[in-house]
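Inspection log for the structure reproduced underneath, given as structure tokens.
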Amino acid sequence: MDLPAPWGAGRASATRLAPELLAAAAATGWNLDKHLVAKLTENPDGVRNYPAVLAKRIADLPKRKPQQAAGAPIPPACDSCLAFHPASAQNPNLRRRDGQPCPDCHPDQIKESA
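FYI, in numbering that gives the first Met the number 0 the residues of the sequence shown are 0 to 113.
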């Protein structure tokens with residue numbers, strides 16, 4: 000997931016924040032998509048230390064509102080994702096391959112290829 004400048008994190012910050020972001024997104028119903036990027040980078044006025052603010056926003060990520068989560072039903076998880084993480088059947092955030100959304104069953108990847 001790429002963040003717009005000046006929110007982009009360096010390698011050390013990204014390595015530290017990535018597991019926290021994945022856990023927070025999974026726990027609060029967010030997908031790793033443009034809606035999450037918009038939420039994390041909203042209201043930038045007065046921000047001086049972007050990595051610190053980003054870490055705080057990830058830690059305090061609210062549950063995704065129902066209208067934000069509305070849409071088509073999620074496609075079924077592929078065998079690979081189900082074997083790695085059985086909860087991926089209900090949570091598309093867990094559908095990952097090599098650190099990226101699974102090209103076979105992650106809803107964002109399927110939409111992009113359609």
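For every residue, glycine included, the Cβ atom is placed at its ideal position computed from N, Cα and C. The model shown is predicted, which means the values in this text are computed figures rather than measured ones.
Integer Cβ distance of Q2 from A8, believed to fall under 8 Å: The sequence as given places Leu at residue 2; Gln does not occur at that position. Right, the Cβ-Cβ distance comes to about 7 Å (below 8 Å), so this counts as a contact.
Among P5, C101 and L16, the one whose alpha carbon lies nearest that of V137: For residue 137 there is no data in the structure shown, the boundaries of the chain being 0 and 113.
R15 classed as buried or exposed, judged by whether at least 16 other C-beta atoms fall within 10 angstroms: exposed
Close Cβ partners of R63 (< 7 Å) along its chain, the five nearest in sequence each way excluded: T27, G28 and W29
Beta carbon of A23 nearer than 8 Å to that of L60: yes
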